[in-house]
Amino acid sequence: MVEFNHQQCLGDTKTKILDAARRVFARYGYEGATLDQVANDAGLTKGAVYWHFASKSDLFLTLCDRSLTQLREGLPKQIQYIFTSENPVEAVRKLLEAQFLSCEQGNDEQPMLFFEFISSSRDPSVRKKLCESFSKLFAETSEILREMQRKNLLTSNVDVDNLSVTLHALVNGIVLMWLVAPDQVSFQSISAEVSKVLWSGIQPNQSATQKNP
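All residue numbers for the sequence shown refer to my numbering, where the first residue is 1230 and numbers rise by one.
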């Protein structure tokens, strides 16, 4: 029981540090952020941060991996929701709006954090880790889409690997444009338009839907 509580305490502390790092990196950027700032935000000592992370880059890369892992974990349910919905266009619109909701409400930690991930890719170690994490994200998305094709819920006329990259690039690109010119980007209008265009290109073949009503 003592060992369990010790491990749980270490896990809670690590989570607290990562949550603080998310806020600090989003606020100050990778270059401007310091481990002192992370420690202060988390209400911990700098030594506690170093106990879990060897350096600022180690903390940053762990945070990057955690963010993309959380994204990957939610993908199966989201994609299944779209392709099994009675109104797929509306389902796509709702999911897009949900993705953009935190930005619209003024909680811009996530998009700023993503921007930092990309900006920091000039660092070879960061670029290598980002490549691994995004490759995993693309591969898992492709596999889910491939399963949708096997079930005749997605057109067979698209390459799922290309579609996977396109979908993530679409969402991330819109968010980045919002960061650059927020007054010109209406998430609600864009979600409505993109959902119609997107579904028209990926909806299942007519012959397949007739065979599998």
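For each residue, glycine too, the CB sits at the ideal point set by N, CA and C. Here the structure is a predicted model, which means the values were calculated and not measured.
Query                                                                                                                                                                      : Result
Tell me the rounded alpha-carbon separation between residue 1327 and residue 1417.                                                                                         : 10 Å
Starting from residue 1296, trace the alpha helix (DSSP H) in both directions and tell me its first and last residue.                                                      : 1285–1312
Could you compute how far the alpha carbon of residue 1231 sits from the alpha carbon of residue 1244?                                                                     : The pLDDT assigned to residue 1231 is 42, lower than 50, so where the model puts this residue is not dependable; a value taken from the coordinates is nonetheless given after this. One C-alpha to the other measures close to 20 Å.
Tell me, to the nearest whole angstrom, how far the beta carbon of residue 1290 is from that of residue 1365; I am working on the premise that it is less than 8 Å.        : The pair is not a contact, with the Cβ atoms about 14 Å apart (cut-off 8 Å).
Could you please give the first and the last residue of the uninterrupted alpha helix (DSSP H) stretch that includes residue 1272?                                         : No alpha helix (DSSP H) contains residue 1272, which DSSP labels as neither H nor E.
Return the first residue and the last residue of the alpha helix (DSSP H) that residue 1425 is part of.                                                                    : 1416–1431
Looking at the secondary structure, which residues open and close the alpha helix (DSSP H) in which residue 1384 lies?                                                     : No alpha helix (DSSP H) contains residue 1384, which DSSP labels as neither H nor E.
How many angstroms separate the CA atom of residue 1384 from the CA atom of residue 1432?                                                                                  : 5 Å
With a threshold of 16 other CB atoms inside 10 Å of the CB of residue 1332, please say whether the residue is buried or exposed.                                          : buried
Is it right to say residue 1302 is buried, meaning 16 or more other beta carbons lie within 10 angstroms of its own, or is it exposed?                                     : exposed
If you draw a straight line from the C-alpha of residue 1379 to the C-alpha of residue 1314, how long is it?                                                               : 17 Å
Go ahead and label residue 1360 buried or exposed: buried means 16 or more other beta carbons lie within 10 angstroms of its beta carbon, across all protein chains shown. : exposed
Reducing DSSP to helix, strand and coil, say where residue 1352 ends up.                                                                                                   : coil
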